[in-house]
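Please read the structure below before turning to the comments.
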Amino acid sequence: MKHLTHIALAVTVLTCGFAQAQMTDFNPSWYISPSVNVSQPDNQMGADRNTNGIGLRMGKPISPAWDIQFGLTGTRTSDTIPRYRQTTFGIDGLYMLSRGNVRPFLLLGTGVQYDEIDWQGASTNQTSPFLGAGVGVQVGLSDQWALQADLRRNHGFREGNNLGVDSSNSNYFTVSLNYTFDKPAAPRYVAPLVTMPVVTAPAPAPYVAPPPPAAPPPPRFERYTLSATELFAFDSSVLRMPQPKLDEMASALAANRDVSNVTITGYTDRLGSNKYNQSLSERRAMSVKSYLVSKGLDSSRLNAVGKGEADPVVVCKETKRAALIECLEPNRRVVIDQVTVQRRVP
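Residues in the sequence shown are numbered from 4 upward in steps of one, following this note's numbering.
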């Protein structure tokens, strides 16, 4: 056991030399730690050989510098007289010298130990508190696995003196495999500090007022043709009522007072005598002029003429009178020049 103690101390000291001095981020997850151990009991217990055993502990990092571990260990001798067996339950505080991949530590612990000595059938036992101290190291194997080795010395306090000794000192060398339940959190990404260049805003461009909209071209008025059938009864110069189209033309002329010399021309078809048709066309033109004047137009702006059956729009060859009258309907009309209410020609 002395050789084993020297080797463990050498490994611990060597590991401390390579440990990182600074503390890094740590994984706060719980871990489980099954172990095997070798113990050198106190010579007063009558055991002159080392004992072997196993253990199971739970652990958790609680800060960048401290872990806690607690659990059970059991050791015993075999094939020796007397037979010695020891079971401990304890809690340890591990002061971590580093949180790197290689993590040396110092430990302090306390707990209770149960000792039993069997002298060929006659046995005695006692439960006592203990204090322990030691050194160790953890070596990370992956994100969740680590190997731990530690060497410690426990001092037991005997109260009942059932074993014939007042105190005991035992040495333990333990090797355990630690499994962490949760993986460590991904490292936080820290964006590099980027200094943005100071950009001077350009001076605003001088304000240039948009040009005024172009004046609309003066309106140009076109010829407007009204069917005599809409205006008058057959062979009549009396206007039918109402006359919405004449009302629209009156409004258009009233809105454009610069339009003058508006000519109102009446036409008839070729039925009847030339003299009668000329008179009818004149009377119809005058009826339209009088209606427009009644709507507020100055009569000096209007000129009414009749052209009888001149300038026919259609030529009809029907022989029956009714068909002929219907065919010649486009020739019976009143034409008003210089005015339109449908569109304005640019």
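C-beta atoms are modelled at their ideal positions from N, C-alpha and C, and glycine is treated no differently.
- Following the DSSP letters along the chain, one finds D118 inside the beta strand (DSSP E) bounded by residues V105 to W122.
- Taking each of D340, W33 and V338 in turn and checking the Cα distance to N181, the smallest one comes out for W33.
- Burial check for I120: the Cβ neighbour count within 10 Å reaches 16 or more, so the residue is buried.
- Where D250 is concerned, the enclosing alpha helix (DSSP H) starts and stops at P247 to A258.
- The shortest C-alpha to C-alpha distance from N334 to any of V241, A231 and D250 is the one to A231.
- In this structure, the CA atom of G112 is about 13 Å from the CA atom of N174.
- Just so you know, the alpha carbons of F237 and R287 end up roughly 12 Å apart.
- Distance from the CA atom of R161 to the CA atom of S66, rounded to whole angstroms, is 35 Å.
- Taking V265 as the centre and dropping the five residues before and after it, the same chain places the C-beta of L256, R304, L305, N306, I339, D340, Q341 and V342 closer than 8 Å to its C-beta, in chain order.
- Taken through DSSP and simplified to helix, strand or coil, S290 comes out as helix.
- A Cβ-Cβ separation of about 11 Å leaves R156 out of contact with L110 under the 8 Å criterion.
- Annotation: T322 to L274 spans about 12 Å, alpha carbon to alpha carbon.
- Shown here, S240 sits in coil according to DSSP, grouped into three states, outside any helix or strand.
- Taking every protein chain shown into account, the CB of L59 has fewer than 16 other CB atoms within 10 angstroms, so this residue is exposed.
- In the DSSP assignment, I57 falls within the beta strand (DSSP E) that extends over T54 to P64.
- CA-to-CA, the gap between T54 and S38 works out to about 14 Å.
- Its Cα nearest to that of D95, the residue P64 stands out among R79, R88, P64 and I84.
- Using a 10 angstroms sphere on the CB of D146, the tally of other CB atoms stays under 16, which defines it as exposed.
- The beta carbon of I57 sits closer than 6 Å to the beta carbons of V39 from its chain, once the five residues preceding and following it are set aside; these are given in chain order.
- The criterion of a C-beta distance shorter than 8 Å is satisfied by Q89 and D118.
- When the beta-carbon positions are compared, G62 and S36 come within less than 8 Å of each other.
- Shown here for V178: same chain residues with a beta carbon closer than 8 Å to its own, the five before and five after excluded, namely S38, V39, N40, L150, Q151 and A152 in chain order.
- In the DSSP annotation of this structure, the continuous segment of the beta strand (DSSP E) that includes R156 starts and ends at W148 to F160.
- When C-alpha distances from R52 are compared across D28, I84 and D70, the shortest belongs to I84.
- The beta carbons of Y87 and W69 sit no closer together than 8 Å.
- A residue is called buried once 16 or more other Cβ atoms fall within 10 Å of its Cβ, and G299, having fewer, is exposed.
- Residue pairing by DSSP places Y87 opposite I120 in a beta bridge.
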